[in-house]
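Q: All residue numbers in the sequence shown are consecutive under numbering that gives the first Met the number 0, ending with 510.
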Amino acid sequence: MEMTLGEAFERSARKFPGKVACIDDQARATYAQMSAAVNRWSNALDGLGLGKGSHVATLSDNCLSLMQVILGNLKRGLVSVPLDSRGTVDDVCRMAEITDCTALVFDVHYQGLAEELRDRLPALKTLVSFGGAAPGFARDYEDLKKSASEEGSPQVVSEDDESFILFTGGTTGRPKGAVLTHKSILWNIISVTTENHSPAPDERIFYPMQMYHVASLSRFLAFMYAGGTFIGSKTFEPDHFLEVVERERTTFVVGNPTIYRMLLDSIKRKPRDTSSMRRWLNTHGILDPAERREIETRLWPNGACYGSYALTEASPAVTVLKPWDQPEEPGSVGRGYMCTEVRVVDALDQEPPPGEPGEIIVRGPSVFKGYYNAPQETEAALRGGWLHTGDLGRFDSKGYLYVVDRLKDMIKTGGLNVYSREVEEVLLQHPLVRDVAVIGLPHPRWGEAVCAVVVAQPGARLDDESIQAHCQQRLAGYKKPAMIRFVDALPKTTFGGKVLKRELREMFKDS
């Protein structure tokens, strides 16, 4: 049966009208209240000259108004283009410009950035603000809602219509707009919900990451599909995060190793009741076995750990590692979801034997439509009917997937391949290493040299000799770091927690 994301939300609103759907830092709303607000915004769009297919940029932290705008846009067939409010002015303007946005909905907290967008982009004709008194150049969101009907409108959207354009580095590192449809996201939600029996109506997720990121958006929409409760926040701050988990009896969290380390530090300083937690998902990084045990005992004593491999172009979940899975080695990201085919192929698109690495490619109904206005890059990414991820992976004999590295992050030294992730896993086992990134730097003789950029544990005294001694029996000679650099912190994406290795290469290129 064909369904759209707007219909999926309305189905939950009919089924659970009195249940709390969404919570932010200031307020909460039931499904009935959210539905009325969503309908009012959806109906107000007609008076703004915005119809099916219009591209609407959003600029806001997580709040009820943003959630209503996203759902209303979906109901009306508009394409939402979330902008990264923490990006530079030039970056944000470029995102709105190359995606042909004609409207901007923003939180007044970002009034200055919104005004800059208006001045630079003549095509941006309609501006709407919420979160306070509207500036003179924008319409007021609450006033627009008050003047519109809260009755639902006839369905004009199909599952193949575009729903979001989300920015991703893709396989090139240069931001591109990935076009997702209602169908691609819904298939992903259905696969995840069916296979994991989660989210469910009695689950509550706290996710403070901004909704310009596919992980946050997809979780929000999945919980609206399932009739659960989504808790958002404008910022991530560890003490506040655990306070919300305790107060709201949160049952589900998503994070990466950096976030979980910060939460561990917080709960050690000030204990909290986190016994409500049932599931926690680790993404975008490796957890040392000792760290995982500490998380399981100190942070989420009743929570089951899941792993995953995901990317924007797959809407986003590709694989899942369940608590009871038994891969042959630690570090697996699990097996593909039921509606997703996953292969590992060499340069000739042939499958290597188990244990041998190749590029991870993905096929299924949740794969994206393509990159906006980038036909050549779309063709390259979707060649042969498969999404070529740019990630290196391997399968074990049981069919469990392991992500080895990014193709672009593989280091070639003296004609040999070194996978940075493998070296990082070894270095993270050092008790005084808190975080690490391994990169290749130009070398006149070997082509590239292995460089480890290390963050020490707080108060630890760590030096090159200690790192080299740790690697001595754990890595082949050509894989050992030829250079070691110590930093206070690694540059990472704001919420995804991915290390920005291109910045590290630039930082240490003359080392």
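Glycine is no exception: its CB is placed at the ideal position from the N, C-alpha and C atoms.
Shortest alpha-carbon distance to residue 266 belongs to which of 241, 246, 95 and 274?
A: Closest by alpha carbon: 241.
Q: Just list the residues that DSSP pairs residue 186 with in beta bridges.
A: According to DSSP, which records beta bridges pairwise, residue 186 is partnered with nothing at all.
Q: With respect to the alpha helix (DSSP H) encompassing residue 142, which residues constitute its N-terminal and C-terminal limits?
A: 140-145
Q: Mind pulling the beta strand (DSSP E) runs of 3 or more residues that sit fully within the region 173-231?
A: 175-180, 203-205 and 228-230
Q: 7 Å is my cut-off, CB to CB: does residue 66 come that close to chain D?
A: The structure shown has no chain D; it contains just one protein chain.
Q: Look at the alpha carbon of residue 164 and the alpha carbon of residue 463, and state the distance between them as a whole number of angstroms.
A: 45 Å
Q: Among all the DSSP beta bridges, which residues are the ones paired with residue 411?
A: 416
Q: Considering only DSSP beta bridges, list what residue 356 is partnered with.
A: Answer is none; residue 356 lacks a bridge partner.
Q: Please confirm whether residue 261 and residue 237 have their CB atoms less than 7 Å apart.
A: Their beta carbons are under 7 Å apart, which means residue 261 touches residue 237 by this criterion.
Q: Determine contact between the region 444-463 and the region 485-500, defined as no fewer than three beta-carbon pairs at a distance below 8 Å.
A: yes
Q: Since residue 247 is in the alpha helix (DSSP H), which residue starts that stretch and which ends it?
A: Secondary structure note for residue 247: its alpha helix (DSSP H) is the uninterrupted segment 237-247.
Q: Please identify the residue among 430, 181, 167 and 322 whose C-alpha is closest to the C-alpha of residue 157.
A: 181
Q: Drop a sphere of 10 angstroms on the beta-carbon of residue 411, count the other beta-carbons inside from all chains shown, and report buried for 16 or more, exposed for fewer.
A: With fewer than 16 other Cβ atoms within 10 Å, it is exposed.
Q: So, helix, strand or coil for residue 64, using DSSP?
A: DSSP places residue 64 in helix when its eight states are reduced to three.
Q: State the beta-bridge partners of residue 340 as determined by DSSP.
A: Its beta-bridge partners are 362.
Q: Could you name the residues that DSSP lists as bridge partners for residue 491?
A: 498
Q: Nearest to residue 365 by CA position, among 335, 509, 40 and 346, is which residue?
A: 335
Q: For residue 138, which residues in the same chain have their Cβ closer than 8 Å to its Cβ, ignoring the five residues on either side in sequence?
A: These residues qualify, in order along the chain: 47, 125, 126, 127 and 128.
Q: Along the chain, where does the alpha helix (DSSP H) containing residue 2 start, and where does it finish?
A: According to the DSSP assignment, residue 2 belongs to no alpha helix (DSSP H), since it is labelled neither H nor E.
Q: What span of residues does the beta strand (DSSP E) with residue 441 cover, start to end?
A: Counting along the chain, the beta strand (DSSP E) containing residue 441 begins and ends at 432-442.
Q: Identify the residues that DSSP records as bridge partners of residue 482: which are they?
A: Bridge partners of residue 482: 450.
Q: So, is residue 458 buried or exposed, given that buried needs 16 or more other C-beta atoms within 10 angstroms?
A: exposed
Q: So, is residue 357 buried or exposed, given that buried needs 16 or more other C-beta atoms within 10 angstroms?
A: buried
Q: Is residue 315 near residue 213, with beta carbons less than 7 Å apart?
A: yes
Q: Nearest to residue 401 by CA position, among 85, 328 and 175, is which residue?
A: 328
Q: How should residue 387 be labelled, buried or exposed, when 16 other C-beta atoms within 10 angstroms of its C-beta is the threshold for buried?
A: buried
Q: By how many angstroms is the C-alpha of residue 117 removed from the C-alpha of residue 278?
A: 43 Å
Q: Quick check: what's the CA-CA separation for residue 160 versus residue 9?
A: 18 Å
Q: Span of the alpha helix (DSSP H) holding residue 38?
A: 30-46
Q: Considering only the alpha carbon of each residue, which of 258, 224, 4 and 225 lies closest to residue 239?
A: 258
Q: With three or more C-beta pairs closer than 8 Å as the rule, is the region 202-222 touching the region 70-90?
A: The answer is yes - the region 202-222 touches the region 70-90, with three or more Cβ pairs under 8 Å.
Q: Can you look up residue 257 in the DSSP assignment and give me helix, strand or coil?
A: helix
Q: Under 7 Å between the Cβ atoms of residue 55 and residue 102?
A: yes
Q: Residue range of the beta strand (DSSP E) that residue 16 falls in?
A: No beta strand (DSSP E) contains residue 16, which DSSP labels as neither H nor E.
Q: Expressed to the nearest angstrom, what Euclidean distance is found between the alpha-carbon atoms of residue 473 and residue 3?
A: 51 Å
Q: Runs of 4 residues minimum, wholly inside the region 60-119: which ones carry the alpha helix (DSSP H) assignment?
A: Every alpha helix (DSSP H) stretch that sits fully inside the region 60-119 and reaches 4 residues is listed by chain position as 63-75, 88-97 and 110-119.
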